[in-house]
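These notes are about the structure you will find just below.
Protein chains: 2
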Amino acid sequence: MTLRALAFDVFGTVVDWRGSVIRELTAFGEAHGVDRDWAQFADDWRAGYPPAMDRVRTGELPWMKIDALHRLILDELLERAGIDGIPDGDVAELNRAWHRLDPWPDTVEGLTQLKRSFTITTLSNGNVSLLTNMAKRAGLPWDCVISAELFRHYKPDREAYLGCAELLDVAPAELALVAAHPSDLRAARDAGLTTAYVARPLERGPGHEAPRVEDGEFDYLAEDFLDLARQLGATTP
Amino acid sequence: MTLRALAFDVFGTVVDWRGSVIRELTAFGEAHGVDRDWAQFADDWRAGYPPAMDRVRTGELPWMKIDALHRLILDELLERAGIDGIPDGDVAELNRAWHRLDPWPDTVEGLTQLKRSFTITTLSNGNVSLLTNMAKRAGLPWDCVISAELFRHYKPDREAYLGCAELLDVAPAELALVAAHPSDLRAARDAGLTTAYVARPLERGPGHEAPRVEDGEFDYLAEDFLDLARQLGATTP
Numbered sequence: 060m061t062l063r064a065l066a067f068d069v070f071g072t073v074v075d076w077r078g079s080v081i082r083e084l085t086a087f088g089e090a091h092g093v094d095r096d097w098a099q100f101a102d103d104w105r106a107g108y109p110p111a112m113d114r115v116r117t118g119e120l121p122w123m124k125i126d127a128l129h130r131l132i133l134d135e136l137l138e139r140a141g142i143d144g145i146p147d148g149d150v151a152e153l154n155r156a157w158h159r160l161d162p163w164p165d166t167v168e169g170l171t172q173l174k175r176s177f178t179i180t181t182l183s184n185g186n187v188s189l190l191t192n193m194a195k196r197a198g199l200p201w202d203c204v205i206s207a208e209l210f211r212h213y214k215p216d217r218e219a220y221l222g223c224a225e226l227l228d229v230a231p232a233e234l235a236l237v238a239a240h241p242s243d244l245r246a247a248r249d250a251g252l253t254t255a256y257v258a259r260p261l262e263r264g265p266g267h268e269a270p271r272v273e274d275g276e277f278d279y280l281a282e283d284f285l286d287l288a289r290q291l292g293a294t295t296p
Numbered sequence: 060m061t062l063r064a065l066a067f068d069v070f071g072t073v074v075d076w077r078g079s080v081i082r083e084l085t086a087f088g089e090a091h092g093v094d095r096d097w098a099q100f101a102d103d104w105r106a107g108y109p110p111a112m113d114r115v116r117t118g119e120l121p122w123m124k125i126d127a128l129h130r131l132i133l134d135e136l137l138e139r140a141g142i143d144g145i146p147d148g149d150v151a152e153l154n155r156a157w158h159r160l161d162p163w164p165d166t167v168e169g170l171t172q173l174k175r176s177f178t179i180t181t182l183s184n185g186n187v188s189l190l191t192n193m194a195k196r197a198g199l200p201w202d203c204v205i206s207a208e209l210f211r212h213y214k215p216d217r218e219a220y221l222g223c224a225e226l227l228d229v230a231p232a233e234l235a236l237v238a239a240h241p242s243d244l245r246a247a248r249d250a251g252l253t254t255a256y257v258a259r260p261l262e263r264g265p266g267h268e269a270p271r272v273e274d275g276e277f278d279y280l281a282e283d284f285l286d287l288a289r290q291l292g293a294t295t296p
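Sequences listed follow chains V and H, in order. For the first sequence, the working numbering gives the first residue as 60, with consecutive numbering after it. For the second sequence, the working numbering gives the first residue as 60, with consecutive numbering after it.
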């Protein structure tokens, strides 16, 4: 079956959420005269997100956008860190840090090459406005913006992967999920999608290793988006 | 209230459906050795579309993508024109003529200018894959692709306009519908959106006039997208 479209996980795969959120938190701290371990704060913010999504996936919480989940976690972390008296507008602005994540160095050029041969879309748990604002700021050249929000099913729910193929009007195997996270790729594979693992060893900061991947577990293993473009024959205009 | 995003009607407003579909039908006729009044055929194809959508809107038909509605109408028109024996793949390819519509001369430059100051999206009854394929072929620089398909409500259902604002996370008045069709704009206005009428006098071919619009009925009246960019102060990088 011919590959026709590529759907990209975003946080960690396309953008460096950790470095970007630390940058935003540091600026927030300077503006408000508070000093904390912002790297740890960023890691805790991110760590709160899978369990919060699971509360939505299991029905314990009603459907909520990631923006709202990020805000729930942020309010808790600020309280726990003893940071109070911050005007609500400033907390809301800090929460939108996730709209202002920076791409990895190869991202824009890699997507531009891949776009010549494939339809390229997001397939993220981030909400549509978050993904749209991020793309506009970072110059990500998506053909369209697809989010779990459109299906009201967060990945790894099967509905997100199949819903993406349905919107693009391609068979599941004609669509590849591109992601740095084996769990996401395994769920995509189980739904019938093609899979492309891209290593992002710096996602959790220096000194961590990229997740282990079994040989042959996924259809493609790439160093970065430029390597993926080479493997898929998408480098020439 | 500040304007933050622009949602564009597509067929007729962004692209010249009539000229493009006549071009596709003429090529189809030549390939299959049939000659008909292709301008009339294109007009009949388009004329079949509002009643077909109404059958979905009233619940007489289940939800169907525009691709499927276009195909229903096309099959009827081919039969009525006595054109038979065409392989199904060729009819499907002809049906995708609506994915290959050409932009008006000012469209790409106008959108590029407007994109500097606003989030720009489609808000079309065309399905996501149709809009995505069209944008890729024609170079339409959307920030995201929003379709009635995402809400399972065709315009002028209120859910389509409000759903677009909700996905973009803006208040209805912060979002302007840009359209060449007063009925679409009136429904958007009734849902609380800002409205921008753009005249497309050639939509129905030469010799037709653009629809009449009352003075003050809409927030902006523009000659084309470049004029709209000037009126909205979006011309400079």
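Just so it is clear, CB atoms sit at the ideal spot from N, CA and C, and this is done for glycine as well. Since this is a predicted model, take the numbers as computed values, not measurements.
Identify, in the order they occur along the chain, each residue of the same chain with its Cβ nearer than 7 Å to the Cβ of residue i, setting aside the five sequence neighbours on each side.
{"i": "H:Asp202", "result": "Lys174, Thr178, Ile179, Thr180"}
{"i": "V:Pro162", "result": "Val73, Val74, Ala197, Leu199"}
{"i": "H:Asp103", "result": "Leu136"}
{"i": "V:Ile142", "result": "Val93"}
{"i": "V:Ile81", "result": "Trp97, Ala98, Ala101"}
{"i": "H:Ala111", "result": "Leu128, Leu131, Ile132"}
{"i": "H:Met327", "result": "There is no way to answer for residue 327 of chain H, as the model of chain H reaches only from 60 to 296."}
Note down, in chain order, every chain H residue with its Cβ under 9 Å from the Cβ of residue i.
{"i": "V:Asp216", "result": "Correct list: empty, because the minimum Cβ distance to chain H is about 17 Å."}
Could you work out which residues of chain H lie near residue i, taking near to mean beta carbons separated by less than 7 Å?
{"i": "V:Ser188", "result": "Leu226, Leu227, Asp228"}
{"i": "V:Leu209", "result": "Leu209"}
Anything in chain H within Cβ reach of residue i, meaning under 8 Å, just list it in chain order.
{"i": "V:Thr171", "result": "Per Cβ cutoff of 8 Å: no residues; V:Thr171 is ~13 Å from chain H at best."}
{"i": "V:Val204", "result": "Asp202, Cys203, Val204"}
What in chain V is Cβ-close to residue i, meaning under 9 Å?
{"i": "H:Thr178", "result": "Ser188, Thr191, Asn192, Lys195"}
So which residues on chain V does residue i lean against when the C-beta distance must stay under 8 Å?
{"i": "H:Leu291", "result": "Near H:Leu291 there are no residues of chain V at all, since even the closest Cβ is about 17 Å away, more than 8 Å."}
{"i": "H:Leu252", "result": "Per Cβ cutoff of 8 Å: no residues; H:Leu252 is ~16 Å from chain V at best."}
Any chance the CB of residue i is under 6 Å from a heavy atom of the ligand GDP?
{"i": "H:Arg63", "result": "Among the ligands in the structure shown, none appear at all, so the ligand GDP cannot be discussed."}
Note down, in chain order, each residue of its chain lying with its Cβ closer than 8 Å to the Cβ of residue i, except the 5 sequence neighbours on either side.
{"i": "V:Gly88", "result": "Asp94, Arg95, Trp97"}
{"i": "V:Arg263", "result": "Arg77, Asp102"}
{"i": "V:His240", "result": "Asp68, Gly71, Thr72, Pro270"}
{"i": "V:Thr191", "result": "Val204"}
Is it buried or exposed, residue i, if we count other Cβ atoms within 10 angstroms and call 16 or more buried?
{"i": "V:Pro215", "result": "buried"}
{"i": "H:Met60", "result": "exposed"}
{"i": "H:Asp243", "result": "buried"}
{"i": "H:Thr117", "result": "exposed"}
{"i": "H:Arg271", "result": "exposed"}
{"i": "V:Asp228", "result": "buried"}
{"i": "H:Gln267", "result": "It should be noted that the sequence gives His, not Gln, for residue 267 of chain H. Answer is exposed; the Cβ neighbour count stays below 16."}
{"i": "V:Asp149", "result": "exposed"}
{"i": "V:Glu233", "result": "buried"}
{"i": "H:Ala298", "result": "This structure leaves residue 298 of chain H out entirely; chain H is present only between 60 and 296."}
{"i": "H:Gly292", "result": "exposed"}
{"i": "V:Gly275", "result": "exposed"}
{"i": "V:Glu138", "result": "exposed"}
{"i": "V:Ala207", "result": "buried"}
{"i": "H:Ala156", "result": "buried"}
{"i": "V:Ala64", "result": "buried"}
{"i": "V:Glu83", "result": "buried"}
{"i": "V:Gly185", "result": "buried"}
Could you name the residues of the same chain whose beta carbon sits closer than 6 Å to that of residue i, not counting the 5 residues immediately before and after it, in chain order?
{"i": "H:Trp76", "result": "Phe70, Leu160"}
{"i": "V:Tyr220", "result": "Ala247, Ala250, Leu252"}
{"i": "V:Pro146", "result": "none"}
{"i": "H:Leu120", "result": "Arg114"}
{"i": "H:His212", "result": "Glu218, Ala219"}
{"i": "H:Ala230", "result": "none"}
{"i": "V:Leu285", "result": "Asp165, Gly169"}
{"i": "H:Ala194", "result": "Trp201"}
{"i": "H:Thr171", "result": "Pro200"}
{"i": "V:Arg105", "result": "none"}
{"i": "H:Leu182", "result": "Ala66, Ile205, Cys223"}
Measuring only between beta-carbons, confirm whether residue i sits less than 7 Å from chain C.
{"i": "V:Gly222", "result": "Looking at the structure shown, chain C is missing, and the protein chains on hand are V and H."}
Which residues, in order along the segment 223–246 of chain V, keep a beta-carbon less than 7 Å from a beta-carbon of chain H? Leu226, Leu227, Asp228
Segments of 3+ residues assigned as beta strand (DSSP E) that fall wholly inside the segment 203–263 of chain H: 203–206, 234–238, 253–257
Mind listing, in chain order, the continuous alpha helix (DSSP H) runs of no fewer than 4 residues lying wholly within the segment 90–134 of chain H? 97–106, 108–116
Ordered list of alpha helix (DSSP H) runs contained in the segment 173–199 of chain V, each at least 4 residues: 187–197
Which runs of the alpha helix (DSSP H) at least 4 residues long sit entirely within the segment 138–172 of chain H? Give them in chain order. List check, alpha helix (DSSP H) in window: 147–154.
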